[in-house]
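Enquirer:
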Amino acid sequence: MEMTKYLNTQLAGVKASDILAFANFASGIPNIVNFTVGEPDFNTPEHVQQAAIRSIQENHSHYAPSNGTQELRQNVSNYLADKYDQHYTPEEVIVTEGATEAIYTAIVSVLNPGDKVIIPTPTFPLYIADVTVAGGQPILVDTSATDFKLTPELLAQTIDREGSSVKMVVLNYPGNPTGVTYSQAELDALGDVLRDKPIFALCDEIYSELNYDHPHASLTKSLREQTILISGVSKSHAMTGWRIGLLCAPQNVVNELSKIHQFTITSTATVAQDAAAEALGNGQDDALPMKAEYQKRRDYILDTLNELGFQTAKPSGAFYIYTKIAPDLEQDDVKFAYDLAKNGHVAAVPGSYFGPGGDHYLRLSYATSMAEIKRGMTQLQQYVADQRVSQTV
Ligand SMILES: Cc1ncc(COP(=O)(O)O)c(C=O)c1O
0 MEMTKYLNTQ LAGVKASDIL AFANFASGIP NIVNFTVGEP DFNTPEHVQQ
50 AAIRSIQENH SHYAPSNGTQ ELRQNVSNYL ADKYDQHYTP EEVIVTEGAT
100 EAIYTAIVSV LNPGDKVIIP TPTFPLYIAD VTVAGGQPIL VDTSATDFKL
150 TPELLAQTID REGSSVKMVV LNYPGNPTGV TYSQAELDAL GDVLRDKPIF
200 ALCDEIYSEL NYDHPHASLT KSLREQTILI SGVSKSHAMT GWRIGLLCAP
250 QNVVNELSKI HQFTITSTAT VAQDAAAEAL GNGQDDALPM KAEYQKRRDY
300 ILDTLNELGF QTAKPSGAFY IYTKIAPDLE QDDVKFAYDL AKNGHVAAVP
350 GSYFGPGGDH YLRLSYATSM AEIKRGMTQL QQYVADQRVS QTV
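For the sequence shown, numbering that gives the first Met the number 0 gives the first residue as 0, with consecutive numbering after it.
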């Protein structure tokens, strides 16, 4: 019997990750320079490692409280207030299995079947998958004509068009895949559109420590009551493998959301929570040296891409560059990326994998060493030069 046809029908609507398939293909090519990676190349800071070792030795091997240890939630509360002027009590924080679970918990908690979620694109594909699994409808809004930002006009038009079944809008700043972020004034203006409408804003601020040009801005400041804040230590403290994320929202909302969290994962690993408590309690500035290094890498790649005639969305945060293939080269980004990997030995993710507005773009992650970046840029220059010569003969 073909049992898969008896599975949740929403699953059929979830696409396997093209990004992963491309990364797997590229990793099989010897000597390739890999710009596909979505995690820091740094190690977790030493003092955080030591806190985890102590935690094991002190036998912190039992379940933590479902929403997280008191110490970690207190440190989250202090950290958000000190660093970003964001105010959540420890009881308004849920410690999740990475930001990934925080996003899942929020989406599954908010949506009834058929509800709509506005997702500005190009986007991190996870939101689309979670909305689909929850029986909701992703409403993809192409932001390529507005510098990869959702504008108040676009948001208002989309809400008017889609009607009362819109329950959520997703904002991710600094953003994956574009590296674009919002100013406080821009977020305030989006908040004005949403205020007093029965719509949640899911604000994914996982890259908040990696803002290069301006201090981190947040919708939590203008629309706290309707906002669900997503964050974590994966990117700020190079802790992707520890799986500690954060979900913050007003108390009444957290009380409800914690049911999904509790019945999905019970609680995250106690040792990892102790490590995260150290990261946020005593490592508030751990990201600064990483950020300085990322910035150098970003500038180096940007200079090379500009020289090659690739136009780039201004990447003022995260560790991604989203760049438009120069107009005289192959314009199909999937073809371009596969050919560049095979023949130029450089792996950059096709931009169209991130949704409408991404055609003709590539995403390059600079979470890789400067030596690799230099090698990769030299190989890209050579590949582009070869393409240009072959077009003229
Ligand atoms: C925008 C965004 N949100 C969430 C995540 C997932 O974070 P975590 O590893 O903490 O689950 C990522 C990871 O790449 C991301 O880019």
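Backbone N, C-alpha and C fix where the C-beta goes; we use that ideal spot for every residue, glycine too. Treat the numbers as computed from the prediction; the structure is a model and nothing was measured.
Determine which residues share a DSSP beta bridge with Thr-303 and list them.
Expert: For Thr-303, which the question treats as bridged, DSSP gives no partner whatsoever.
Enquirer: Below 8 Å on the Cβ atoms is my contact criterion, and I expect Thr-131 with Val-13 to pass it. Report the Cβ-Cβ distance as a whole number of Å.
Expert: Correct: roughly 5 Å between the Cβ atoms.
Enquirer: Which of the three DSSP states is assigned to Arg-362 in this structure?
Expert: In this structure, Arg-362 counts as strand in the three-state DSSP scheme.
Enquirer: If you measure from each residue's Cβ to the nearest non-hydrogen atom of ligand 1, which ones come out under 6 Å, in chain order?
Expert: Listed along the chain, these residues meet the criterion: Gly-37, Gly-97, Ala-98, Thr-99, Phe-123, Asn-171, Asn-175, Asp-203, Ile-205, Gly-231, Ser-233, Thr-239, Gly-244.
Enquirer: Near Val-270, which residues of its chain fall below 8 Å by C-beta distance, leaving aside the five closest residues on each side in sequence?
Expert: Correct list, in chain order: Ala-51, Ser-54, Ile-55, His-59, Ser-60.
Enquirer: Kindly indicate which three-state DSSP category Pro-173 falls into: helix, strand or coil?
Expert: If DSSP states are grouped into helix, strand and coil, Pro-173 belongs with coil.
Enquirer: Between Lys-196 and Leu-110, is the Cβ-Cβ spacing less than 9 Å?
Expert: It is not a contact, given that the beta carbons lie outside the stated cut-off.
Enquirer: By the DSSP assignment, the alpha helix (DSSP H) with Ala-274 in it spans what residues?
Expert: From DSSP, the alpha helix (DSSP H) with Ala-274 extends over 269-281.
Enquirer: Looking at C-alpha atoms only, which residue of Phe-24, Glu-1, Ala-20, Asn-33 is the closest neighbour of Thr-367?
Expert: Thr-367 has its Cα closest to that of Asn-33, out of Phe-24, Glu-1, Ala-20, Asn-33.
Enquirer: Can you tell me whether Val-348 is buried or exposed? The criterion is at least 16 other CB atoms within 10 Å of its CB, across all chains shown.
Expert: Flag for Val-348 reads buried.
Enquirer: Counting beta carbon pairs with one atom in the stretch 199-209 and one in the stretch 168-187, are three or more of them shorter than 8 Å?
Expert: Yes, the stretch 168-187 is in contact with the stretch 199-209.
Enquirer: Which stretch, first to last residue, makes up the beta strand (DSSP E) that contains Gln-136?
Expert: Its beta strand (DSSP E) spans residues 136-141.
Enquirer: Determine, using beta carbons only, whether Thr-322 comes closer than 9 Å to chain D.
Expert: No chain D appears in this structure, which consists of one protein chain only.
Enquirer: If you drop the 5 nearest sequence neighbours on each side, which residues of the same chain put their C-beta closer than 8 Å to that of Asp-338?
Expert: Glu-329.
Enquirer: Going by C-alpha to C-alpha distance, which of Asp-141, Leu-218, Gly-190, Asp-129 sits closest to Asp-358?
Expert: Of Asp-141, Leu-218, Gly-190, Asp-129, the residue nearest in Cα terms is Asp-141.
Enquirer: What is the DSSP secondary structure of Ser-230, counted as helix, strand or coil?
Expert: Three-state result, Ser-230: strand.
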